[in-house]
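Sequential numbering of the sequence shown, starting at 20, is according to my numbering.
All residues carry an ideal CB built from backbone N, CA and C; glycine is no exception.
Notes follow the structure.
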Amino acid sequence: MDTILQNLTGVKAKMAMAAQRAGRVDQDVKLIAVSKHQPITAIKQALAAGQTRFAESRVQEALPKLASLAYEMLEWHFIGPIQTNKTKVIAENFSWVHSLCSLPHAIRLSTQRPPHLPALQVCIQVKLNSLEQRQGVAPGELPGMMAEISRLPKLWVRGLMMLPTKEQSLQADPKPFRQLSALLQQLQASYPQLDSLSMGMSTDYELAIAEGATMVRIGSALFRGD
Ligand SMILES: *Cc1c(COP(=O)(O)O)cnc(C)c1O
Numbered sequence: 020m021d022t023i024l025q026n027l028t029g030v031k032a033k034m035a036m037a038a039q040r041a042g043r044v045d046q047d048v049k050l051i052a053v054s055k056h057q058p059i060t061a062i063k064q065a066l067a068a069g070q071t072r073f074a075e076s077r078v079q080e081a082l083p084k085l086a087s088l089a090y091e092m093l094e095w096h097f098i099g100p101i102q103t104n105k106t107k108v109i110a111e112n113f114s115w116v117h118s119l120c121s122l123p124h125a126i127r128l129s130t131q132r133p134p135h136l137p138a139l140q141v142c143i144q145v146k147l148n149s150l151e152q153r154q155g156v157a158p159g160e161l162p163g164m165m166a167e168i169s170r171l172p173k174l175w176v177r178g179l180m181m182l183p184t185k186e187q188s189l190q191a192d193p194k195p196f197r198q199l200s201a202l203l204q205q206l207q208a209s210y211p212q213l214d215s216l217s218m219g220m221s222t223d224y225e226l227a228i229a230e231g232a233t234m235v236r237i238g239s240a241l242f243r244g245d
């Protein structure tokens, strides 16, 4: 069995067990294969093993991959920092954006989404700790942001996304996942259509699933060759 198939099989089994332990159905949790830094051959191997959802974090790196795999029925997720001058290519090429952090970017993505494509599905990236360097919307700003972006015709707001700090991942700290899950629940009171929590990576996806993740973004655990 090739390595990627083996990795994929192992990750899916662990995902299913984590879902079961949490009293959830394993179909509720989608595996997004993070193919950044991976060559097209690796993506093709994952595809041959049945994986159809892939994520990239840099537009420049993603475009040649998307073009070369355009004939495949793949679902592409954008998970990296959004640069203003890249919103058009993102709107034209991806099905999902997990890393939406600003209203101006939301407006551009909606306006630039081609009319023949369905609405771009988005998660708002949340920054739980204001001291963090990383980009993200502060919890207190979520209601205001939701009110604005839920009105944009070519965006379909699905939920929230977060990245824990390195320390939180290493300590297997459930707190940030729990916080994001609670924030989604609060928003669901006004926006019951919200259904997605994008959280959990190679080192902590089981923990994230226990706390309610509906999408886990997994790179190294799938593509490593050990
Ligand atoms: C790289 C990346 C991942 C995947 O990380 P792994 O630890 O390799 O699983 C997930 N989310 C984002 C936003 C990333 O940039």
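Taking a contact as a CB-CB distance under 8 Å, the pair Ile228 and Val30 does not count as one, their CB atoms being some 11 Å apart. Relative to ligand 1, Gly159 has its C-beta separated by 7 Å or more from all heavy atoms. CA-CA distance, Ala201 to Leu182, rounds to 16 Å. The continuous stretches of beta strand (DSSP E) do not include Gln46, and DSSP gives it neither H nor E. For Val176, the uninterrupted beta strand (DSSP E) run begins and ends at 174-180, by DSSP. Between ligand 1 and Ile98, a heavy atom-to-CB distance of less than 7 Å is present. Approximately 4 Å separates the beta-carbon atoms of Phe196 and Glu230; this is inside 8 Å, confirming the contact. DSSP places Ser200 in the uninterrupted alpha helix (DSSP H) bounded by 194-207.
If you check the CB distance, Leu216 and Ala232 come in under 8 Å. Within the stretch 209-245, the complete alpha helix (DSSP H) runs of at least 4 residues fall at 224-229, 239-242. Looking only at Thr222, Gly178, Gly42, Leu174, the smallest Cα-Cα distance to Glu111 is reached by Leu174. Between the alpha carbons of Val116 and His96 lies a distance of about 6 Å.
Between Ile51 and Val235, the CB-CB gap stays under 8 Å.
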